[in-house]
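Numbering (the working numbering), first residue to last: 375 to 748.
Glycine included, each C-beta is placed from N, C-alpha and C at the ideal position.
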C-alpha cells in the first residue's frame, strides 16, 4: 500500500508541475499581447493563468502534507488535507470569476477600443489549444488517481480555454463588423466561471462534512465478506473516509449460533485481512449476529416474521434475527428507506404487526440505517 500511495503522490506532483510550467508561459504571452492590443479580456485571461499556476502549487503542497504519516495527534493521518486544498482551489476559481465579472462590467460602462493583430490572435488561438489539451490531461489524471484538486484544476483549465476562445470570437466580430463585444462576452464567461466555482466548493464541502458510503465499494466489501463459509449476511457497514483512497470502517456479520469464540476469532481475522488486501479498507470492528440453527420451530417463526416485515413498503432489510424461547424474546433489526415519508411511522407499524402475531413475546427491534442507500 505504501508503494501505491507514493506512486499516487508522484503522479499528482508531476501533473501539477506540468500545469505550473504551461500556465506561467501562457500568462507571460497573454499579458504582453493584452497590453499591446489594449484588450482587457486577454489581460484578465493572463491573470487567470497565474491563478491556475497557484492552484497547481496548492495541489502540490496539499498532496505533500496529506501524505504525512499518522502521528499521536492525528492517528488517522492527514489525507483530508487534500479536500482542503481542493476547497482553496474552488475559492480561487470563484474569486477569478467574480473579479473577471467586475472588470468586464467596468469595460461595458467605459469601453476601450481594442487593437488586434494577426500575430496576437494566432498566439491566443494556440493558447486555446494548449488549455484544452492541458485541461483534459489534468482532469483525466485526477480521475485516475482520485484527486479532487487535479479534477478541479482540469475543469478550471477547460473553462479558461472557453474564455480564450471567446476573446478570439470577440476579435473576429470586431475586425469584421467593428463592434466590440469582448466586455459582454467576458461578463457571460465570468458568470459561467462563478457557477463552476460554486459547484466545486459545494462538492468539496460535502466531502469534508462526510458523505454516505460509496455504493460500489460497500457492495464489493459485502460480497467479499459473505464469500466466507458460514457467513450468512453482512450488514451495518459504516465507512469513514480520511482522504482519497483512505478508508476504515466496521461491519456486522451473521453466523450460526453454534460457533465457538475461537472459530469467531479466526473468521473475523481472515475477513479483516481479505478486505484490507482486496479493497484497502481497514475494518476496525466486526460485530457478530448469531442465527438460530438448532430449532426448526424457531426457524419457521423467523420466516413468518420476515413475511410480516417485508409486507411494509420502504423496508429494505431485516437482519440480526434471534429468538430465545425460554425468555420469550424476539430481536431483530430493520432498515427503513430514506424515501419513506415518516421512517419512524413505518418502524412502529412493523413493530405493531409483529407484536400482534406474537403477543406473548417481548420484541427488541432496532431501526437501522443503510449508509450506502441510493
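Task: Range of the contiguous beta strand (DSSP E) that encloses residue 526 - done: Per DSSP, residue 526 belongs to no beta strand (DSSP E); it is in the alpha helix (DSSP H), 522-551.
Task: Opening and closing residue of the alpha helix (DSSP H) in which residue 470 lies - done: 455-483
TODO: Would you mind listing the beta strand (DSSP E) stretches within the stretch 571-621 that are 3+ residues and don't spill past its ends, in chain order?
DONE: 607-615
TODO: Note down, one range per segment and in chain order, each alpha helix (DSSP H) of at least 4 residues found wholly within the stretch 387-460.
DONE: Counting only runs of 4 or more residues that sit fully inside the stretch 387-460, the alpha helix (DSSP H) segments are 414-440, in chain order.
Open item on the list: What residue range does the alpha helix (DSSP H) around residue 711 cover?
Closed with: Run containing residue 711: none; DSSP gives neither H nor E here.
TODO: On a CA-only basis, which of 470, 534, 433, 715 is nearest residue 510? Give me that one, please.
DONE: 534
- [ ] State the start and end residues of the unbroken alpha helix (DSSP H) segment that holds residue 684.
- [x] 670-684
Task: Coarse secondary structure for residue 638, derived from DSSP in three states - done: helix
- [ ] Compare the C-alpha of residue 381 against each of 422, 441, 401, 394 and name the closest.
- [x] Looking at the Cα atoms, 441 is the closest of the given residues.
Task: Member of 687, 662, 697, 688 whose CA lies at the smallest distance from the CA of residue 678 - done: With distances taken between CA atoms, residue 678 lies nearest to 697 out of 687, 662, 697, 688.
Open item on the list: Buried or exposed for residue 375, going by 16 or more other Cβ atoms inside 10 Å?
Closed with: Confidence at residue 375 is low in this model, with a pLDDT of 46, below 50, so its placement is unreliable and the value that follows should be read with caution. So residue 375 counts as exposed.
Task: From 606, 692, 424, 576, residue whose alpha carbon lies closest to that of residue 743 - done: The shortest C-alpha separation from residue 743 is found at 692.
Task: Best match in 593, 537, 545, 582 for proximity to residue 566 [C-alpha to C-alpha] - done: Among 593, 537, 545, 582, the Cα nearest to that of residue 566 is on 537.
- [ ] Write down the C-beta distance between residue 387 and residue 463 rounded to the nearest angstrom, noting that I regard them as a contact closer than 8 angstroms.
- [x] Incorrect: roughly 15 angstroms between the Cβ atoms, too far for contact.
Task: Cβ separation of residue 657 and residue 627, assumed to be a contact under 8 angstroms, to the nearest whole Å - done: Contact doesn't hold; Cβ gap of about 10 angstroms is too wide.
Task: Beta-carbon proximity check, residue 460 vs residue 526, cutoff 7 angstroms - done: yes
Task: residue 686 vs residue 711 beta-carbon contact at 7 angstroms - done: no
Open item on the list: Once the 5 residues before and after residue 572 are set aside, which same chain residues still bring their CB inside 7 angstroms of it?
Closed with: 468
Open item on the list: Taking the beta strand (DSSP E) that residue 513 belongs to, which residues open and close that run?
Closed with: No beta strand (DSSP E) holds residue 513; the alpha helix (DSSP H) holding it covers 492-519.
Open item on the list: Please report the straight-line C-alpha distance between residue 748 and residue 497, rounded to a whole angstrom.
Closed with: Caution applies to residue 748, whose pLDDT of 49 falls short of 50 and renders its modelled position unreliable; the value that the coordinates give is listed next. When rounded, the distance between both Cα atoms is 48 angstroms.
Task: Cβ-based burial, residue 529 [other Cβ within 10 Å; buried from 16] - done: buried
Open item on the list: On the criterion of 16 or more Cβ atoms from any shown chain inside 10 Å, does residue 544 qualify as buried, or is it exposed?
Closed with: Looking at its Cβ environment, which holds 16 or more other Cβ atoms inside 10 Å, residue 544 is buried.
Task: Bridge partner(s) assigned by DSSP for residue 815 - done: The structure shown does not extend to residue 815, since the chain is modelled only from 375 to 748, so the question has no answer here.
Task: At least 3 beta-carbon pairs within less than 8 angstroms: the stretch 717-724 vs the stretch 632-646 - done: At 8 angstroms Cβ cutoff, the stretches do not touch.
- [ ] Please state whether DSSP places residue 748 in a helix, a strand or coil.
- [x] Summary for residue 748: the model assigns pLDDT 49, below 50, so the residue's position carries little reliability; its value from the coordinates is reported in the next sentence. Correct three-state label for residue 748: coil.
Open item on the list: If you measure between the beta carbons of residue 428 and residue 420, is that distance less than 7 angstroms?
Closed with: Remark: C-beta atoms of residue 428 and residue 420 do not approach each other more closely than 7 angstroms.
Task: Limits of the unbroken alpha helix (DSSP H) element including residue 734 - done: Note, residue 734: premise wrong, no alpha helix (DSSP H); not H, not E.
Task: Beta-carbon contacts of residue 582 that lie in its chain and below 8 angstroms, excluding the five residues immediately before and after - done: 454, 457, 458, 461
TODO: List the endpoints of the continuous beta strand (DSSP E) containing residue 690.
DONE: 689-698
TODO: Could you check if residue 447 is buried or exposed, using at least 16 other CB atoms within 10 Å of its CB as the buried criterion?
DONE: exposed
Open item on the list: Once the 5 residues before and after residue 564 are set aside, which same chain residues still bring their CB inside 7 angstroms of it?
Closed with: 471, 474, 475, 478
Open item on the list: Does residue 743 come out as helix, strand or coil in the three-state DSSP assignment?
Closed with: Secondary structure at residue 743: coil, using DSSP grouped into helix, strand and coil.
Task: Residues near residue 532 by beta carbon distance below 6 angstroms, same chain, minus five either side - done: 509
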